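Report on one structure; see the data block that follows.
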Amino acid sequence: MSTSYAPPVQRLITELSKLPGVGNRTAQRLAFHILRSSGEDAGALAEAIVDVKEKIGLCEVCFNLTDEARCRICQDSRRDHGLICVVEEPSDVIPMERTHEYHGVYHVLGGALSPIDGVDAEDLKIAELFARVQASGADMTIREVVLATNPTTTGEATALHVAEELRTRAPDVTVTRLASGLPVGSDLEYADEVTLGKAFAGRRSV
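When we follow the working numbering, the leftmost residue of the sequence shown carries the number 5, and every step to the right adds one.
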């Protein structure tokens, strides 16, 4: 990496290059864009970064990102709270919502099972999902759990593990998996709305 820049500029480039998908050249372009920006715009960007780190946490129910105790989806009485869609990351909720095919609530696991990487069931929000399903009562009964983990090796392993456990713990709950239409080996974040919509419409039991 070039060291011809003033230390503050070099530090900015270094920090920007740590972002996913941002190489050194892109980091340099972003750094110089920030330098050309007004002090007000640069300050707003810095404040937004600090603000999101200080105010954003996890929903106490579904573990999606929120600035309150419960996220807006969990607070919405118009949603079908008897239908839970299980996803790996908060970023997976956004493409799901864009399909306009799903009107239930979510449960974010915080990743996928990957023993080779040291990620076990205890490291994810799987136990919380089981507790959430088993805690449903007369006022709110969980009817179906849609497993929408990514169609990757780790995502499939996670879906199978959750499905097997739910069949034992909550046999009355229907467990489904997103249907074909999602390309194997890709992430939900990059799927288009039509593909995701068809996957929802054709989900199957597991």
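The beta carbon of each residue, even a glycine, is placed where N, CA and C say it ideally should be. Quick caveat, the model's predicted, so the values are computed rather than measured.
I'd like the span of the alpha helix (DSSP H) that includes residue i, first residue to last.
i, result
"R181", "Looking at the DSSP string, R181 is not in any alpha helix (DSSP H); the run it does join, the beta strand (DSSP E), is 178 to 181."
"E19", "11 to 20"
"V198", "197 to 205"
"L117", "Neither: L117 is in no alpha helix (DSSP H) and is coded neither H nor E."
"E168", "157 to 173"
"L133", "130 to 138"
What span of residues does the beta strand (DSSP E) with residue i cover, start to end?
i, result
"V210", "From DSSP, V210 is part of no beta strand (DSSP E); its letter is neither H nor E."
"V123", "Neither: V123 is in no beta strand (DSSP E) and is coded neither H nor E."
Would residue i pass as a contact of residue j if the rule is Cβ separation under 8 angstroms?
i, j, result
"A152", "C89", "yes"
"C223", "Y110", "An answer regarding residue 223 cannot be provided, because it is not within the stretch 5 to 210 covered by the chain."
"V198", "V179", "no"
"A183", "P99", "no"
"N68", "I60", "no"
"G108", "R83", "yes"
"V177", "R208", "no"
"G115", "E132", "no"
"L286", "A35", "Residue numbering for the chain in the displayed model covers 5 to 210; residue 286 lies beyond these limits and cannot be assessed."
Going by alpha carbons, who is nearest to residue i out of the options?
i, options, result
"P12", "R29, G27, L39, A167", "L39"
"E169", "T145, E148, K202, I130", "I130"
"R136", "D96, L87, G159, E126", "L87"
"G189", "R207, G108, G159", "G159"
"L206", "D191, E193, P187, R181", "The sequence given here has Gly at residue 206, not Leu. Closest option to G206, Cα to Cα, is R181."
"A174", "E193, P187, T145", "T145"
"V149", "H104, G47, H85", "H85"
"R171", "F134, E126, S21, H37", "F134"
"E64", "E58, V56, C75", "C75"
"A161", "D96, V123, K22", "V123"
"E193", "V97, Q79, Q14", "V97"
"L62", "D71, V54, D55", "D71"
"P155", "A73, V56, P187, E105", "P187"
"D191", "D45, Y106, S95, I17", "S95"
"T157", "A73, K202, S118, S42", "S118"
"L113", "E19, R102, D127", "D127"
Which residues share a DSSP beta bridge with residue i?
i, result
"L34", "None, per the DSSP bridge assignment."
"V112", "V91"
"L151", "V90, R181"
In chain order, what are the residue ranges of uninterrupted beta strand (DSSP E) at least 3 long that sit wholly in the segment 55 to 109?
Correct list: 84 to 91.
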